[in-house]
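The opening residue of the sequence shown carries number 53 in my numbering; numbering runs sequentially from there. Note that CB positions come from ideal geometry on N, CA and C, so glycine has one too. See below for the structure under consideration.
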Amino acid sequence: MENDETAAQAALRETLEEAGAAVELGEPFTLISVPRVNQVHLFYRARLSNLEFKAGEETLEIALMEEAAIPWKEIAFRTVGLTLKRWFEDRTRGTFAFHAQDILA
53 MENDETAAQA
63 ALRETLEEAG
73 AAVELGEPFT
83 LISVPRVNQV
93 HLFYRARLSN
103 LEFKAGEETL
113 EIALMEEAAI
123 PWKEIAFRTV
133 GLTLKRWFED
143 RTRGTFAFHA
153 QDILA
């Protein structure tokens, strides 16, 4: 987050910067604490406003894909992988919940 920025504003900005994607922000979905690096990662559910997106300056690759095609071992951030797994689990159940977790190791 930047100074004077809400969590929602930060999520919208980061999504645009990292994925070149405009989204309609939904509810907070995962909150993952990573104390060994003094970070807290907050992910929201969101809907793409359109299919125009591109990798940002700090992003190597971006794509839409089905669960079976996700290269799990290549995901750069563990928090992203955990969030995706929770999303697919919730989608299978037919209901989305809020998930909080700590990564201690």
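- To the nearest angstrom, report how far apart Arg88 and Met117 are at their CA atoms. One C-alpha to the other measures close to 31 Å.
Under the DSSP definition of a beta bridge, which residues are partnered with Asp142? Bridge partners of Asp142: none, in fact.
Should Ala63 and Tyr96 be called a contact, given that it needs their Cβ atoms to be closer than 8 Å? Between Ala63 and Tyr96, the CB-CB gap stays under 8 Å.
#### Entry: Touch test, the segment 70-81 against the segment 90-104, Cβ-Cβ under 8 Å, three pairs minimum
When C-beta atoms of the segment 70-81 are compared with those of the segment 90-104, three or more pairs fall below 8 Å, so the two segments count as touching.
Going by Cα to Cα distance, which pick from Ala71, Ile114, His93 is closest to Leu134? Checking every option, the nearest Cα to that of Leu134 belongs to His93.
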